[in-house]
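Asker: Once you've had a glance at the structure underneath, I'll fire off some questions.
Protein chains: 2
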Amino acid sequence: METKLSSRTREVIISHEGPTILIGERINPTGKKKLQAALLEGSLDLVRQEAIDQVAAGADVLDVNVGASGVDEVSLLPQAILAVMEVVDVPLCIDSSNPRAIEAALAVYEGRPLVNSVTADEASLSDVLALIKKHDAAVIGLTMDEKGIPPEASRRIELARKIVERAERMGIPREDVVIDCLNMPAAANAAGPLALVEAIAAVKSQLGVNMTLGASNISFGLPDRTLLNGTFLAVAIQLGVNCPVVDVAKVRQYALATDALFGRDSYMRRYIKDFRQRQKQGQQPA
Amino acid sequence: METKLSSRTREVIISHEGPTILIGERINPTGKKKLQAALLEGSLDLVRQEAIDQVAAGADVLDVNVGASGVDEVSLLPQAILAVMEVVDVPLCIDSSNPRAIEAALAVYEGRPLVNSVTADEASLSDVLALIKKHDAAVIGLTMDEKGIPPEASRRIELARKIVERAERMGIPREDVVIDCLNMPAAANAAGPLALVEAIAAVKSQLGVNMTLGASNISFGLPDRTLLNGTFLAVAIQLGVNCPVVDVAKVRQYALATDALFGRDSYMRRYIKDFRQRQKQGQQPA
Numbered sequence: 000m001e002t003k004l005s006s007r008t009r010e011v012i013i014s015h016e017g018p019t020i021l022i023g024e025r026i027n028p029t030g031k032k033k034l035q036a037a038l039l040e041g042s043l044d045l046v047r048q049e050a051i052d053q054v055a056a057g058a059d060v061l062d063v064n065v066g067a068s069g070v071d072e073v074s075l076l077p078q079a080i081l082a083v084m085e086v087v088d089v090p091l092c093i094d095s096s097n098p099r100a101i102e103a104a105l106a107v108y109e110g111r112p113l114v115n116s117v118t119a120d121e122a123s124l125s126d127v128l129a130l131i132k133k134h135d136a137a138v139i140g141l142t143m144d145e146k147g148i149p150p151e152a153s154r155r156i157e158l159a160r161k162i163v164e165r166a167e168r169m170g171i172p173r174e175d176v177v178i179d180c181l182n183m184p185a186a187a188n189a190a191g192p193l194a195l196v197e198a199i200a201a202v203k204s205q206l207g208v209n210m211t212l213g214a215s216n217i218s219f220g221l222p223d224r225t226l227l228n229g230t231f232l233a234v235a236i237q238l239g240v241n242c243p244v245v246d247v248a249k250v251r252q253y254a255l256a257t258d259a260l261f262g263r264d265s266y267m268r269r270y271i272k273d274f275r276q277r278q279k280q281g282q283q284p285a
Numbered sequence: 000m001e002t003k004l005s006s007r008t009r010e011v012i013i014s015h016e017g018p019t020i021l022i023g024e025r026i027n028p029t030g031k032k033k034l035q036a037a038l039l040e041g042s043l044d045l046v047r048q049e050a051i052d053q054v055a056a057g058a059d060v061l062d063v064n065v066g067a068s069g070v071d072e073v074s075l076l077p078q079a080i081l082a083v084m085e086v087v088d089v090p091l092c093i094d095s096s097n098p099r100a101i102e103a104a105l106a107v108y109e110g111r112p113l114v115n116s117v118t119a120d121e122a123s124l125s126d127v128l129a130l131i132k133k134h135d136a137a138v139i140g141l142t143m144d145e146k147g148i149p150p151e152a153s154r155r156i157e158l159a160r161k162i163v164e165r166a167e168r169m170g171i172p173r174e175d176v177v178i179d180c181l182n183m184p185a186a187a188n189a190a191g192p193l194a195l196v197e198a199i200a201a202v203k204s205q206l207g208v209n210m211t212l213g214a215s216n217i218s219f220g221l222p223d224r225t226l227l228n229g230t231f232l233a234v235a236i237q238l239g240v241n242c243p244v245v246d247v248a249k250v251r252q253y254a255l256a257t258d259a260l261f262g263r264d265s266y267m268r269r270y271i272k273d274f275r276q277r278q279k280q281g282q283q284p285a
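Sequence lines, in order, name chains V and H. All letters in the first sequence, in the order written, are residues 0 to 285 by numbering that gives the first Met the number 0. All letters in the second sequence, in the order written, are residues 0 to 285 by numbering that gives the first Met the number 0.
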């Protein structure tokens with residue numbers, strides 16, 4: 000099951016056999032006042048800088064989201080995509096809940112992007128999947144619908160299946176649908192992480208598709224977030240999440256360690272190479 | 000499924016619902032030249048110091064192993080148990096492959112210990128389980144037999160079942176058998192960790208027993224061992240290992256984070272308390 004993404008010149012393959020693909024989360028104004036202010040002024044310098052920094056930190060793909068109150072995403076999202084393509088050459092993840100903004104971004108993107116996202120809501124399924132088909136892109140399917148995010152694992156698996164089957168009926172192969180079982184803050188719902196890992200394991204065994212996850216949400220409101228995020232990421236990767244959306248600079252080493260342990264890093268070459276680089280840079284081991 | 004251990008005055012309960020119980024690994028001369036030399040001289044000062052340090056670092060139980068070339072375990076193991084009981088008051092894990100040394104240690108121990116270990120080998124089953132029954136102790140069952148450690152998960156599960164069933168026939172309840180699916184260096188066998196997690200998940204679902212694991216072996220010969228051990232520990236705990244044998248000072252925070260995420264730490268009180276203590280001591284967050 001291979002999801003193939005590309006930039007102008009580079010291809011990235013997401014699969015359950017290969018290395019975990021890290022999607023950089025930081026081009027997203029949610030909770031970031033400076034970035035919100037910059038986007039409201041139409042300034043994309045911070046977006047460019049975040050793109051450069053994340054790729055330097057080891058991001059394989061970058062998520063690009065400019066959704067903030069007062070921002071015209073239909074105009075700004077394609078500009079942000081172009082700005083990021085100016086400075087880095089990794090595949091991008093076009094992130095918006097507005098199908099018109101997604102369409103405008105798809106029109107300027109060079110390569111094969113991932114689109115974030117479609118839900119199991121009827122309006123989203125028909126609008127977004129039509130764009131995915133037309134532009135031959137890959138898409139992230141969120142396990143939620145018009146009623147919101149179901150707390151039970153069983154219902155999230157049903158929604159994942161609904162999205163995958165609808166995509167297939169529209170001629171989008173299953174390998175181009177990446178499922179997101181939706182991570183929520185553990186502090187708000189103590190049973191959430193258990194339901195989430197149950198959903199992840201079931202989607203892997205029942206649908207076999209590739210899976211993403213916004214790995215940082217889980218620690219919202221808690222101390223030592225990197226430890227919680229990294230620990231959770233290890234568990235999620237082992238269960239089947241193979242292209243998480245993360246703060247790459249903070250949790251890349253947890254993903255590399257998990258890949259090294261579970262047969263996704265031949266002879267542990269990437270793990271050992273990364274360790275040597277961190278040593279050179281004088282970073283302490285974990 | 001509760002395994003109850005005790006020291007003179009303290010009880011520790013191992014269960015799949017409660018917090019992960021950490022068994023301190025450091026009183027063991029394997030690979031420790033200073034401790035080997037001290038034990039050969041019959042000196043137990045280092046053993047006492049390791050006991051104090053590990054309990055201060057958060058160990059719930061201490062493994063006590065004095066097996067080294069030239070050491071008379073039958074004489075030294077009970078002395079070491081007494082020395083540890085002098086300085087700390089946590090339940091102990093009597094660790095020897097020599098049934099006579101185990102018996103001598105059981106004779107001096109005050110409380111209900113864990114015995115490390117019995118294997119599925121006939122001689123071990125009959126000798127060690129008889130001691131467990133006689134002294135009303137709990138025991139660690141290693142998934143190996145006279146032919147060694149089977150590489151396949153399926154065979155390890157069979158051996159775990161054999162040990163549990165034999166114990167039950169001898170009147171030792173299943174809750175007093177803690178299974179160890181046997182961790183081996185990932186560097187020596189790349190498929191090892193995958194087979195191991197498969198065995199752990201199957202033992203949990205098929206036998207329901209409590210499980211230990213020597214969590215440090217996996218990173219033998221690799222750099223940044225704490226990262227690998229901590230990452231693997233998170234995965235192992237989520238799958239069902241609930242009383243790992245670890246270097247407590249190094250990986251306790253990974254266990255606490257995993258417990259906090261997966262519903263084994265009500266309101267995340269232990270995680271937050273530990274974070275505050277680390278902050279006071281000026282330690283960097285992970």
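Cβ atoms here follow ideal geometry from the backbone N, Cα and C, with glycine treated the same way.
Got a sec? Which residues, its chain only, sit under 6 Å from V:R263 by beta carbon, not counting five neighbours each side?
Answerer: Counting only Cβ-Cβ distances below 6 Å, and skipping sequence neighbours, we find P18.
Asker: Closer than 8 Å, Cβ to Cβ, to anything on chain V: give me those residues from the region 179-196 of chain H, in chain order.
Answerer: Answer in chain order: A185, A186, A189, A190, P192, L193 and V196.
Asker: Could you say if the region 147-165 of chain H and the region 129-136 of chain H meet the contact criterion of at least three C-beta pairs nearer than 8 Å?
Answerer: These segments do not touch.
Asker: Pull out every residue of the region 243-264 of chain V whose Cβ sits closer than 8 Å to any Cβ of chain H, in chain order.
Answerer: From the region 243-264 of chain V, only Q252, Y253, A256, T257, A259, L260, F261 and G262 have a Cβ closer than 8 Å to chain H.
Asker: With H, G and I counted as helix, E and B as strand and the rest as coil, what does DSSP make of H:D71?
Answerer: Three-state result, H:D71: coil.
Asker: Could you check whether the region 1-9 of chain V touches the region 231-238 of chain V, counting it as contact only if at least three pairs of C-beta atoms, one from each stretch, sit closer than 8 Å?
Answerer: The region 1-9 of chain V vs the region 231-238 of chain V: no contact.
Asker: Looking only at C-alpha atoms, which of H:A201, H:G239 and H:D246 sits nearest to H:T225?
Answerer: Answer by Cα proximity: H:D246.
Asker: Less than 8 Å separating the beta-carbons of H:D179 and H:T211?
Answerer: In this structure, H:T211 lies closer than 8 Å to H:D179 by Cβ.
Asker: In whole angstroms, what separates the C-alpha of V:Q280 from that of V:N115?
Answerer: Rounded to whole angstroms, V:Q280 to V:N115 spans 34 Å at the Cα level.
Asker: Could you please give the first and the last residue of the uninterrupted beta strand (DSSP E) stretch that includes H:V117?
Answerer: First-last of the beta strand (DSSP E) with H:V117: L113 to V117.
Asker: Could you compute how far the alpha carbon of H:E16 sits from the alpha carbon of H:P112?
Answerer: Taking the straight line joining both Cα atoms gives about 21 Å.
Asker: With distances taken between CB atoms, is the gap from V:V63 to V:I26 smaller than 8 Å?
Answerer: Yes; because the gap between Cβ atoms is below 8 Å, this pair is in contact.
Asker: Just the C-alpha distance for H:V107 and H:Q53, rounded to the nearest angstrom, thanks.
Answerer: Those two C-alpha atoms are separated by around 22 Å.
Asker: Which residues, in chain order, does the region 42-53 of chain V contribute to contact with chain H at a C-beta distance below 9 Å?
Answerer: The residues in question: there are none.
Asker: Would you be able to state if there are at least three C-beta pairs under 8 Å between the region 196-204 of chain H and the region 238-254 of chain H?
Answerer: With a cut-off of 8 Å, the region 196-204 of chain H and the region 238-254 of chain H count as touching, because enough Cβ pairs lie within range.
Asker: For H:I12, does the three-state DSSP call read helix, strand or coil?
Answerer: H:I12 falls in the strand class under three-state DSSP.
Asker: Where does the unbroken beta strand (DSSP E) through H:S95 begin, and where does it stop?
Answerer: Unbroken run through H:S95: none, as it is neither H nor E.
Asker: Can you give me the start and stop residues for the beta strand (DSSP E) that H:E24 sits inside?
Answerer: Its beta strand (DSSP E) spans residues I22 to I26.
Asker: Quick check on the DSSP output: what are the complete alpha helix (DSSP H) runs of length 4 or more inside the region 135-191 of chain V, in order along the chain?
Answerer: Counting whole runs of 4 or more residues, the region 135-191 of chain V contains the alpha helix (DSSP H) stretches 152-168.
Asker: State yes or no: is the C-beta of H:L124 within less than 8 Å of the C-beta of H:R168?
Answerer: Taking 8 Å as the Cβ cut-off, H:L124 and H:R168 do not qualify as a contacting pair.
Asker: Quickly, what does DSSP pair V:M210 with across the bridge? List them, please.
Answerer: Note: V:M210 sits in a beta bridge opposite V:I178.
Asker: Using a Cβ-Cβ cut-off of 8 Å (strictly less than) and excluding sequence neighbours within five positions of V:V60, which residues of its own chain qualify?
Answerer: Hits under 8 Å: L4, V11, I20, L21, I22, G23, V89, P90, L91, C92, L113 and C242.
Asker: Check for me: the alpha helix (DSSP H) holding H:K279 runs from which residue to which?
Answerer: Note, H:K279: alpha helix (DSSP H), R268 to K279.
Asker: Exposed or buried, H:D71, counting other C-beta atoms within 10 Å across all chains shown (16 or more means buried)?
Answerer: Exposed.
Asker: Taking the alpha carbon of H:A187 as the reference point, which residue from H:A194, H:I217 and H:K32 has its own alpha carbon closest?
Answerer: Selected option, being the one with the closest Cα: H:I217.
Asker: Residues of chain V with a CB under 7 Å from the CB of H:I162: which are they?
Answerer: Result: empty, since nearest Cβ-Cβ is about 26 Å, beyond 7 Å.
Asker: Return the CA-CA distance between H:S14 and V:S215, expressed in angstroms with no decimal places.
Answerer: Cα-Cα distance, rounded: 29 Å.
Asker: I'd like to know if the region 79-88 of chain V and the region 38-49 of chain V are in contact, where contact means that at least 3 CB-CB pairs between them fall below 8 Å.
Answerer: The region 79-88 of chain V vs the region 38-49 of chain V: in contact.
Asker: Taking only beta-carbon positions, decide if H:F219 is within less than 8 Å of chain V.
Answerer: So no, H:F219 is outside the interface.
Asker: Whose Cβ in chain V lies nearer than 8 Å to the Cβ of H:Q276?
Answerer: Chain V residues near H:Q276: none, gap ~11 Å exceeds 8 Å.
Asker: Give me the chain H residues within the contact set of V:V234, using Cβ-Cβ distance strictly less than 7 Å, ordered along the chain.
Answerer: The contacting residues are A233, V234 and Q237.
Asker: Roughly how many angstroms separate the alpha carbons of V:P149 and H:E102, rounded to a whole number?
Answerer: The straight-line gap from Cα to Cα measures roughly 55 Å.
Asker: Once DSSP output is grouped into helix, strand and coil, what is the label at V:V247?
Answerer: V:V247 falls in the helix class under three-state DSSP.
Asker: Please name the residue in V:A100, V:G147, V:L227 and V:S265 whose C-alpha comes closest to that of H:A254.
Answerer: With distances taken between Cα atoms, H:A254 lies closest to V:L227.
Asker: Looking at V:I162 and V:A119, is the spacing between their C-beta atoms short of 8 Å?
Answerer: Closer than 8 Å, so yes.
Asker: So with Cβ pairs under 8 Å, would you call H:T230 a contact of chain V?
Answerer: Output row for H:T230: interface = yes.
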